[in-house]
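Here this note's numbering is used: position 240 in the sequence shown is 1296, and no number is missing along the way.
We put the CB at the ideal spot given by N, CA and C, even for glycine.
Reviewing the structure listed below.
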Amino acid sequence: MKPLPLLDGMDVTELAELLAHHNHRYWDLHAPEISDYDFDKLVEALKAVAPDHPVLGSMGPSLSGKGVKHKVPMLSLDKCYSDEDLDKWATSFVGDAVMMPKFDGIACSLHYDSKGVLVRAVTRGDGITGEDITTNAREIADIPRTLKTPQSVEVRGEVFMRLSVFAKYKAEGMANPRNLAAGAIKQKDPKKSAAYGLNFAAYDVVGTAAKTHDEELKWLVAAGFSPIDYEVVTKADLRAAYQRMAALRPSLDYEIDGVVFKTNRNDEQDRLGATAHHPRYALAYKFQGDSGTSVLRAVEWSVARTGAITPVAVVDPVSLSGVTVTRASLHHPGFITKLGLSLGAEVVMMRRGGVIPNVEFVSKAGDTPVVLPPACPACGAKTEMRDDFLFCTAPKTCRGVQIGMLGHFSASADMLGFGDTILQQAFDAGFLRSVKDFYTLKATDLASLDRCGDKVAQKLVKEVDKKRTLDLATFLRALGIPDLGKNVSKILSEKYQTLDAVLAVTEAEFSQVHGIGAVIAHNVIQGLKDNADLIKDLRQHVTISAPLSPSAGAAAGAAGAAGNAFAGMTFVFTGKMQTLDRKGAEAQVASMGGTALDAVNKALTYLVVGDLKKPGEKSTKEKAADKLVAAGSTLKIISETEFLSMVDDAQALAAVAGAVQTVSTPMQTVSAPMQTAPTPMQTVLEPMQTVSTPMQTISAPVQAAPALRTMAGARVAFAGTLGSYSLADATRKLNELGGEVVDSVDAQTTLVVVGAKGKAGDKLTAARKLQGSASALEILSEADFGQRVGLGQIALF
1057 MKPLPLLDGM DVTELAELLA HHNHRYWDLH APEISDYDFD KLVEALKAVA PDHPVLGSMG
1117 PSLSGKGVKH KVPMLSLDKC YSDEDLDKWA TSFVGDAVMM PKFDGIACSL HYDSKGVLVR
1177 AVTRGDGITG EDITTNAREI ADIPRTLKTP QSVEVRGEVF MRLSVFAKYK AEGMANPRNL
1237 AAGAIKQKDP KKSAAYGLNF AAYDVVGTAA KTHDEELKWL VAAGFSPIDY EVVTKADLRA
1297 AYQRMAALRP SLDYEIDGVV FKTNRNDEQD RLGATAHHPR YALAYKFQGD SGTSVLRAVE
1357 WSVARTGAIT PVAVVDPVSL SGVTVTRASL HHPGFITKLG LSLGAEVVMM RRGGVIPNVE
1417 FVSKAGDTPV VLPPACPACG AKTEMRDDFL FCTAPKTCRG VQIGMLGHFS ASADMLGFGD
1477 TILQQAFDAG FLRSVKDFYT LKATDLASLD RCGDKVAQKL VKEVDKKRTL DLATFLRALG
1537 IPDLGKNVSK ILSEKYQTLD AVLAVTEAEF SQVHGIGAVI AHNVIQGLKD NADLIKDLRQ
1597 HVTISAPLSP SAGAAAGAAG AAGNAFAGMT FVFTGKMQTL DRKGAEAQVA SMGGTALDAV
1657 NKALTYLVVG DLKKPGEKST KEKAADKLVA AGSTLKIISE TEFLSMVDDA QALAAVAGAV
1717 QTVSTPMQTV SAPMQTAPTP MQTVLEPMQT VSTPMQTISA PVQAAPALRT MAGARVAFAG
1777 TLGSYSLADA TRKLNELGGE VVDSVDAQTT LVVVGAKGKA GDKLTAARKL QGSASALEIL
1837 SEADFGQRVG LGQIALF
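Have a look at this one:
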């Protein structure tokens, strides 16, 4: 499978063309190039910017036979990939739900007349029109030609091929049972179609008097259809039901790619209705990666820089999403207890998102308990449990902790080339035992390490020399103090400006800073005290630069202020321009801190239309932007002239700000009219309390930029339900800033965000336990996280 290209930079046309290509590869050629998960992402990306695009209405195979229009459209199901989205869907209906497997086959409908005779079978097609497969459908053993309970109904279900049947075709090089079933059901000769041994799973019926979906499924069995695996589940049991089906998946004789949940009460289905694309009363919870069964053979233990000792599962080789997996993280000892893991156990494994191997469930218990190591595997010191987590009791002298600290410092300082192997060898050789030793490294010592050599050694020494000046925030973060991550170190550096000022801050004072609180303040201040000797030693080798202070703003001049005027904003240019050429306009954006893009996307701030564009004409980019605006996007479409006015206004404001910043009197006056501008330029003008002349507004307002532009390396878990923004928006923003969303809280989690709605549950409990240890974990409210990354904020004008 090929990786999916970056979608954020594509316009509507590019997304539609890419989706049409992969739809054709998937349905017509039976040779998909991307995973089902990536295919779904591509569909959702196009839906987000152009929900009514014709390509979305033509999903499915091309019609090669007789086209038949469905009396009732066969809509696709809405999809989700997380427990939180499942919980959110569950709030929309009353009563229980029915859980069924999501068969990975060919959807079709069967029409029976009043005598119960099969008169027509039609594939789903694009949901509106399908292909007539009646003659071939009559050859499938699971499809009764005459119902046992004669009635005019439409039965819906999936044509599929059992894995046991597919086995002989797999040896002939066939890709998968779904593709083979798709070809078999369209054979022109019914006898050839019958030879493939296809099956049919009936999961819905239209036209009975049943009051629940459970009754409909029972009616189907009574009418002569083969029963399917399903459960009626309460809302509280939805997650557990999904896990039960996922655990059952490896033992099934047919492929499923997820679980379908459907509101049980038919009156609730009628009330909820459907959109143009999917019913609101049903949801497909898709598996994010292939699952497989393996056997847990051993548990190995690794030591993090925090002193936390993390278990790693060693399993029999199992193929997941085309990759052979033999190891997977078990997060912490509490996770082992929660799953009931034991050596020799059969476990269900999955590559979450098609990437990260994870042990999901125990399908059969083993016979040997997992024993926690009484001694640290890295240094031999005693270990101790702190709630669900295991720690080394001698972190200051622990080899694993110290090597972890070396790796953290080199990564934070952006010293390239210092991988785990080199750090381990250098530590064991004795010449790199503390982070201060980076600055006294000799090329001759490094060259003595295995597979290092003179050339590599010289590069490493030069790399260290490049990092003999560090900005204050980077220096603080590199110390590896609990809770002193990127965010807190930035707050400290901007507020106190110098290292001496930071070291003089009291715990009480720091706890009053917005976004800090008592726990973080204690951990940071105590950590700085504990590392006083190391800080003193590092200052002998490192120059620590402070951020530009407000009082230095005038010295920086107008150019510096204007250089940040477009920070956090993105621009796309379209149409012929009169004053600037395209490259000149993009260079202007870059010089003012903005980013020029090639294509329109959801995160775009401005689309700039050239003044020489022909009247009445609209480019593909303009049409894509119009769709986004109609869908509620804050994107602004402006002219070339308006863009140039923005540039002029920003430069004028920066010049005035540079002139008045050093004035300390409460009342500041300006002889000429002053124009206002929103954040980020607001910070330049904060010293100005009053302007003596009327203030004018800029015709094309500049949008606010997030307070923090990067969260690279952050691993964020969300607890509870978000209220002011969606999980999808939070995930997108976090990915833009270099972070990632994780499903569980463990020693590697850096931040937990507590939603404003619902119960935070186990994740918050685990986070609080970790905060009592040496973990650098932060806990933020939904509002504070939104403020940190720029979600849910409104620009003030």
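Taking its Cβ as the centre, do 16 or more other Cβ atoms sit within 10 Å of residue i, making it buried, or is it exposed?
i: ALA1784; result: exposed
i: ASP1506; result: exposed
i: GLY1475; result: exposed
i: LYS1492; result: buried
i: THR1806; result: buried
i: GLU1311; result: buried
i: ARG1321; result: buried
i: ASP1556; result: exposed
i: HIS1464; result: buried
i: HIS1080; result: exposed
i: THR1630; result: buried
List the residues that DSSP assigns as beta-bridge partners of residue i.
i: ILE1392; result: Looking at the DSSP assignment, ILE1392 forms no beta bridge with any residue, so it has no partner.
i: HIS1167; result: ARG1176 and GLU1210
i: LYS1546; result: In the DSSP output, where bridge partners are listed per residue, LYS1546 has none listed.
i: LYS1056; result: A question about residue 1056 goes unanswered here, because the residues of the chain that appear run from 1057 up to 1853.
i: MET1155; result: GLU1287 and PHE1317
i: GLU1195; result: Note: GLU1195 sits in no beta bridge, so no partner.
i: SER1837; result: VAL1810
i: ARG1442; result: PHE1445
i: CYS1435; result: Per DSSP, none; premise fails for CYS1435.
i: SER1385; result: VAL1368 and ASN1414
i: TYR1662; result: PHE1627 and LYS1692
Can you tell me whether DSSP reads residue i as helix, strand or coil?
i: MET1301; result: helix
i: ILE1572; result: coil
i: PRO1429; result: coil
i: GLU1324; result: helix
i: GLY1509; result: helix
i: LYS1677; result: helix
i: ALA1204; result: In the sequence on display, residue 1204 carries Lys and not Ala. Three-state result, LYS1204: coil.
i: TYR1225; result: helix
i: ASN1232; result: coil
i: ASP1637; result: coil
i: SER1755; result: Confidence at SER1755 is low in this model, with a pLDDT of 32, below 50, so its placement is unreliable and no value can be given for it.
i: ALA1072; result: helix
i: VAL1088; result: In the sequence as presented, Val is not what sits at residue 1088; that position holds Pro. Three-state result, PRO1088: coil.
i: ARG1595; result: coil
i: ASN1587; result: coil
i: VAL1010; result: This structure leaves residue 1010 out entirely; the chain is present only between 1057 and 1853.
i: VAL1801; result: coil
Residues in its own chain within less than 6 Å of residue i by CB, not counting five upstream and five downstream?
i: GLY1456; result: VAL1359 and ALA1434
Out of the options, point me to the one whose CA is closest to residue i's CA.
i: LEU1535; options: SER1567, THR1496, SER1549 and ASN1587; result: ASN1587
i: LEU1219; options: ASN1322, LEU1236 and LEU1778; result: LEU1236
i: LEU1166; options: ALA1652, PHE1256 and VAL1111; result: PHE1256
i: ARG1353; options: ARG1300, GLY1422 and GLY1329; result: GLY1422
i: LEU1339; options: LYS1674, CYS1136, GLU1100 and ALA1621; result: CYS1136
i: VAL1209; options: VAL1175, LYS1171 and GLY1263; result: GLY1263
i: VAL1665; options: LYS1127, SER1689, LEU1131 and GLN1634; result: GLN1634
i: PRO1367; options: ILE1392, GLU1563, ARG1201 and VAL1810; result: ILE1392
i: ALA1687; options: ASN1543, ALA1106, LEU1386 and LEU1540; result: ALA1106
i: THR1697; options: LYS1669, PHE1159 and MET1406; result: LYS1669
i: MET1369; options: ASP1198, VAL1404 and VAL1628; result: Residue identity differs from the one stated: residue 1369 is Ala in this sequence, not Met. Taking only the C-alpha atoms, the option nearest ALA1369 is VAL1404.
Which same chain residues, not among the five before or five after residue i, have their C-beta less than 8 Å away from its C-beta?
i: LEU1790; result: MET1767, ALA1770, VAL1772, GLU1796, VAL1797 and VAL1845
i: GLN1299; result: GLU1416 and PHE1417
i: GLY1253; result: MET1217, ARG1218 and VAL1221
i: THR1424; result: SER1398, LEU1399 and GLY1400
i: ILE1478; result: LEU1502, LEU1505, CYS1508 and LEU1516
i: THR1626; result: GLY1650, THR1651, ALA1652, LEU1653, ALA1659, LEU1660, THR1661 and TYR1662
i: CYS1454; result: VAL1359, GLY1363, CYS1432, ALA1434, CYS1435, ALA1437 and CYS1448
i: ILE1162; result: THR1179, ARG1180, GLU1214, VAL1215, PHE1216, ARG1234, ALA1237, ALA1238 and ILE1241
Report yes or no: is there a C-beta of chain C within less than 7 Å of the C-beta of residue i?
i: VAL1580; result: Included in the structure is just one protein chain, with no chain C present.
If I measure Cβ to Cβ from residue i and keep anything under 7 Å in the same chain, skipping five residues before and after, which residues do I get?
i: SER1567; result: GLY1573, ALA1574 and ALA1577
i: MET1301; result: MET1155, PRO1157 and VAL1315
i: LEU1472; result: GLU1519
i: GLU1838; result: LEU1778, GLY1779, SER1780, VAL1809, VAL1810, GLY1811 and ALA1812
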